[in-house]
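J.: Counting in the working numbering, the sequence shown runs from 37 upward without gaps.
Where is the CB? At the ideal position from N, CA and C, for every residue including glycine.
Mind having a look at this structure? Questions to follow.
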Amino acid sequence: MGIKFFVKNIYDIDNPDPVTTITDAVATDNGQDFVDQMRNRDLITGWITTGSTDAANTQIDIDFIDVVEFNRIIFAGTNLKAYTIQYWNGSSYVDFSNAISESNQLLAGVEHAFDTVTSSAIRIIITGTQTADDDKIINQLIVTRIIGEFTDEPEIKPQFDKDRRRTKFLSGKSFISKNYGGFNVDIKKNVNAESNDQEIVESLYESYEG
């Protein structure tokens, strides 16, 4: 399996428009204050409920405000076992071409693929966690479109910028501040005749966004 490339997360923290609404029938805290941690590019933080149960049918409604195109929904760090995801077609929430209706998902990272849709909203209904009645957790939620996937594995050199700044006081104490940080990677790939790979390289070269 080669490296996959996606357009920038539509739900990313840089996008100020999305409105996220959580409903949970039993939680003492539905995590509404933590929803932006699902889109801040940090796997250490995330959205979590308090006092929720599997029977609560926790619902996450995400209104993008604008109409957007996407064909992938990815969970990076989650304990969800049973859930459905649908999109707004202008009059109601409907299934994707590959209906997302999980009943026994045991992975922490999950990619859901489907035909491209044009929509302004998605709805996630959670009916179970991997350990029964645990609080729901999503570290990162990514809504995106795939650019393509290399046919082989190139050489990669990732670089992480945690954007931490240390300030030293006269007392000798230090104060460390942290922003969103960033990630980049050097990719070295041998030239080949695969037209799909060439199209990916051209798309990346001509792109002005991350």
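#1: Pairing CB atoms from the segment 79-97 with CB atoms from the segment 50-64, are three or more of them under 8 Å?
#2: Give the secondary structure of Leu116 by DSSP, where H, G and I count as helix, E and B as strand, and everything else as coil.
#3: In chain order, which beta strand (DSSP E) runs of at least 3 residues are fully inside the segment 79-143?
#4: Does the separation of the CB atoms of Gln234 and Leu79 fall below 9 Å?
#5: So Pro190 and Ile46 are supposed to be a Cβ contact under 8 Å. How far apart are they, rounded?
#6: Could you check what DSSP says for Lys66 in three-state terms: helix, strand or coil?
#7: Can you name, in chain order, every residue of its own chain whose Cβ lies under 6 Å from the Cβ of Ile178, other than the five neighbours on each side?
#8: Report the three-state DSSP secondary structure of Asp170 (helix, strand or coil).
#9: Reducing DSSP to helix, strand and coil, say where Glu189 ends up.
#10: Quick check on the burial criterion: 16 or more other C-beta atoms within 10 angstroms. Buried or exposed for Pro52?
#11: Cβ of Ala92 less than 9 Å from any chain B Cβ?
#12: Give the secondary structure of Leu206 by DSSP, where H, G and I count as helix, E and B as strand, and everything else as coil.
#13: Ala135 and Thr120: beta carbons closer than 9 Å?
#14: How about Glu106 and Thr152: are their beta carbons less than 9 Å apart?
#15: Whole-angstrom Cβ separation of Lys172 and Leu116, contact assumed at under 8 Å?
#16: Mind checking Ala92: buried by the 16 CB within 10 Å criterion, or exposed?
T.: Concretely, from the data shown:
#1: Short answer: they touch.
#2: Counting from one through the sequence shown, the residue named residue 116 turns up at place 80. The DSSP-derived three-state label of Leu116 is strand.
#3: The segment 79-143 contains these whole beta strand (DSSP E) runs: 94-114, 116-124, 136-138.
#4: Walking along the sequence shown from the start, residue 234 turns up at place 198. Walking along the sequence shown from the start, residue 79 turns up at place 43. No, Cβ-Cβ distance for Gln234 and Leu79 is not below 9 Å.
#5: The residue labelled residue 190 in the question sits at position 154 within the sequence shown. The residue labelled residue 46 in the question sits at position 10 within the sequence shown. In this structure, Pro190 and Ile46 do not form a Cβ contact; the two beta carbons are roughly 26 Å apart against a cut-off of 8 Å.
#6: Mapped onto the sequence shown, residue 66 falls at position 30. In the sequence as displayed, the identity of residue 66 is Asn instead of Lys. Three-state DSSP puts Asn66 in coil, outside helix and strand.
#7: Residue 178 sits at position 142 when you count from the first residue of the sequence shown. In the same chain as Ile178, and ignoring 5 residues on each side of it, the C-beta atoms closer than 6 Å to its own belong to Asn45, Ile110, in chain order.
#8: Stepping through the sequence shown from its first residue, residue 170 is reached at position 134. In this structure, Asp170 counts as coil in the three-state DSSP scheme.
#9: Numbered from its first residue, the sequence shown carries residue 189 at position 153. Looking at Glu189 - three-state DSSP - the assignment turns out to be coil, as it is neither helix nor strand.
#10: Start at 1 with the first residue of the sequence shown, and residue 52 comes out as number 16. It is exposed - the Cβ of Pro52 has fewer than 16 other Cβ atoms within 10 Å.
#11: Absent here is chain B; the protein component of the structure consists of one chain.
#12: Taking the first residue of the sequence shown as 1, we reach residue 206 at position 170. In the three-state reduction of the DSSP assignment, Leu206 falls in the coil class, being assigned neither a helical nor a strand state.
#13: Working through the sequence shown from its first residue, we reach residue 135 at position 99. Working through the sequence shown from its first residue, we reach residue 120 at position 84. Cβ distance < 9 Å, so Ala135 and Thr120 count as in contact.
#14: Translated into positions along the sequence shown, residue 106 becomes position 70. Translated into positions along the sequence shown, residue 152 becomes position 116. This sequence places Phe at residue 106; Glu is not what is there. Result yes, Cβ atoms of Phe106 and Thr152 sit closer than 9 Å.
#15: Your numbering for residue 172 matches position 136 in the sequence shown. Your numbering for residue 116 matches position 80 in the sequence shown. Contact flag correct, Cβ pair sits at about 6 Å.
#16: Residue 92 sits at position 56 when you count from the first residue of the sequence shown. Answer is buried; the Cβ neighbour count reaches 16.
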